[in-house]
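Each residue of the sequence shown is one higher than the last, beginning at 47 in our numbering. The beta-carbon is built from N, C-alpha and C at its ideal position, and this holds for glycine as well. Since this is a predicted model, take the numbers as computed values, not measurements.
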Amino acid sequence: MTLDDFVTKKKPHWYKLHALVDTYERDKNLPHQDLTEMIRLYRAACADYAFARLTFPYERIVGELHQLISRSHNTIYGRTKITRFHWSSYFLIDIPATILRHRRLIFLSALIFVLGGLFAFAGSFANNDLPRHLLGDAYVSKTESNIRSDDPFAIYKSEQSPAMSGFLMTNNIKVTFLTFAFGLFAGIGTLYVLFHNGLIIGAFFYIFFKHGLLFSSFLTIMMHGTLELFSVFIAGGAGLCIGRALVFPGNFPRITALRNASREALTLIIGIVPMLIIAGIIEGFITRLSLPDEMKIIFIGANLIVLGWYLMRSKAMDKIS
């Protein structure tokens, strides 16, 4: 059975379950026949979810069905107390599974960001003042002064480590949440924020390229940027998830699609908060160190391995279950 066949066959039952849950939540009073039907449809939806998770594990419909049966369960059986195991499985299984489920939107976010970076990098060849327009005269002048002083990354050493780390964590969280929130503008705002931040990174790298320090600057930035940029891309995916629900609601009414997308997006945002905190700590305490390139490569590689394990562990758990 193809995904389209599955959705076409089952969608009327999901719509009816959604309508019954809405009715029950409004007045808490359903005829016995409707209550029995709601329970029957809930059990059928659970079976549909299990089938979709096995057959179409990373398609959008899996998340939509998960939201539907979770809401139906809470309506029928009442909300249960969240246990420690629930939170551990939430962070170790649900969040990475949600990231994988929305991998296309996250990839699109990364692509828009990279395009912005390439545009600024290439544009700086035609207009050498472009980095100053994007980064500001003071920042560019300070960076070039540091390069001439043979300490190109002195800007990371300009504050005490704890203060610098706290500032960077706050700033990183602000940028990623802005990227997510702008998804309410049909996703266009998210695309703009991603492209604009890409422009800034592209201009930044051009300054170092001009002085023969492109590779060194890339390694330095990616020490904390591996987690930081991944978080930005996930936030972009969350924003685009909201925008997609507004423009293309899919198999549910627009308000339901938006509610489901908001829950999925919230899961993504909760997942990146620890990454941003760790990235801020790395940027404030480790990036500032004058490490040899070999050590930077090892550090970046370790970050990538941990990220890969985190995501693929979820995939393995899905297959086991």
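**OP:** Starting from residue 123, trace the alpha helix (DSSP H) both ways and give me its first and last residue.
**Re:** 106-123
Subject >> For residue 102, three-class secondary structure by DSSP >> reply: It is coil, neither helix nor strand.
**OP:** Kindly list the residues whose CB is nearer than 7 Å to the CB of residue 225, restricted to its own chain and excluding five residues on each side of it in sequence; keep chain order.
**Re:** 236, 239, 240, 278, 281, 282 and 285
**OP:** For residue 302, I'd like the list of residues in its chain whose CB is within less than 8 Å of its CB, leaving aside the five on either flank, ordered along the chain.
**Re:** So the qualifying residues of the chain are 64 and 295.
Original post:
Taking the alpha-carbon positions, what's the residue 261 to residue 304 distance?
Top reply: Looking at the two C-alpha atoms, the distance is approximately 43 Å.
Subject >> Span separating the alpha-carbon of residue 77 from that of residue 123 >> reply: 17 Å
**OP:** Verify whether the separation of the beta carbon atoms of residue 273 and residue 349 is less than 8 Å.
**Re:** yes
Subject >> Within 8 Å, strictly: CB atoms of residue 158 and residue 244 >> reply: For the pair residue 158 and residue 244, the CB atoms are nearer than the 8 Å cut-off.
Subject >> Coarse secondary structure for residue 140, derived from DSSP in three states >> reply: Residue 140 falls in the helix class under three-state DSSP.
Original post:
What first and last residue would you give for the alpha helix (DSSP H) that runs through residue 332?
Top reply: Where residue 332 is concerned, there is no enclosing alpha helix (DSSP H), because DSSP gives it neither an H nor an E.
Subject >> Proximity winner among 351, 62 and 253, relative to residue 177 (alpha-carbon distances) >> reply: 253
Original post:
Quick one, which of 88, 79, 134 and 111 has its alpha-carbon nearest residue 52's?
Top reply: 111
Original post:
Given residue 88, which residues of its chain have a CB within under 8 Å of its CB, disregarding the five upstream and five downstream residues?
Top reply: 63, 115, 118, 119 and 122
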